[in-house]
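Numbering (this note's numbering), first residue to last: 15 to 203.
Following this line, the structure appears as structure tokens:
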């Protein structure tokens, strides 16, 4: 069975057979790199007057923290951070597939913008220097920032289960729902 024939809770365009893999799809050259942007560097560049962040990425840090700590979608946000930490370099499409959060593929997802604005993640652009095309809002790469922000700000607020496996609950619930859906469909046939 081909990947694009598998059942998925994600929209068709984000299913395994359709989403990009930054490595296997050759989106950067071997030995090459992706231009990464860290929040602290973005702040320095803006202060120097050499550039500015797009308005959608330039949010107030206090506002960003309030979204990060909001109880709404808390487990999903932990799942996203856990996925980024585990994979080290991951596309928004891969995050959506692993955590079951299709809204992450919007380049201006409030969660991703907040993670960047608080220094939790760095953002890479696959198509830097090219004119954007339809659908490139999901062409971002994410990696954990080389900061201690997670340890200082988020880790103290986590329960023990969240500390040892911040994304497993979300993934297990998603897998369980899919399993029930597949088994239920099989029994109806």
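By construction, the Cβ of each residue, glycine as well, lies at the ideal position given by its N, Cα and C atoms.
Could you compute how far the alpha carbon of residue i sits from the alpha carbon of residue j?
i           : j           : result
residue 125 : residue 97  : 14 Å
residue 59  : residue 72  : 13 Å
residue 119 : residue 87  : 16 Å
residue 206 : residue 168 : Because residue 206 is not part of the residues shown, which for the chain are 15 to 203, the question remains open.
residue 176 : residue 69  : 33 Å
residue 171 : residue 137 : 25 Å
residue 76  : residue 109 : 25 Å
residue 182 : residue 49  : Any reading at residue 182 needs caution, since the residue's pLDDT is 47, under 50, leaving its predicted position unreliable; the model's value is listed next. Answer to the nearest angstrom: the Cα atoms are 30 Å apart.
residue 173 : residue 74  : 27 Å
residue 84  : residue 99  : 20 Å
residue 51  : residue 139 : 9 Å
residue 128 : residue 161 : 15 Å
Provide the residue(s) that pair with residue i in DSSP beta bridges, ordered along the chain.
i           : result
residue 157 : 136
residue 51  : 137
Just to check my reading of the structure: residue i and residue j have Cβ atoms closer than 8 Å, yes? What is that Cβ distance to the nearest angstrom?
i           : j           : result
residue 78  : residue 67  : Not quite, the Cβ-Cβ distance comes to about 12 Å (not below 8 Å), so this is no contact.
residue 134 : residue 89  : Actually they are not in contact, since the Cβ atoms of residue 134 and residue 89 sit about 16 Å apart, beyond 8 Å.
residue 53  : residue 130 : 6 Å
residue 82  : residue 132 : 6 Å
Taking three-plus beta-carbon pairs below 8 Å as touching, is the region 95-105 in contact with the region 150-170?
Yes, they touch.
Given 8 Å as the limit, is there contact between the region 108-118 and the region 50-69, that is, 3 or more CB pairs closer than that?
Verdict: no, contact absent.
Which residue spans inside the region 79-142 form an unbroken alpha helix (DSSP H) run of at least 4?
Listed in chain order, the complete alpha helix (DSSP H) runs (minimum 4 residues) inside the region 79-142 are 88-101, 106-109, 124-131.
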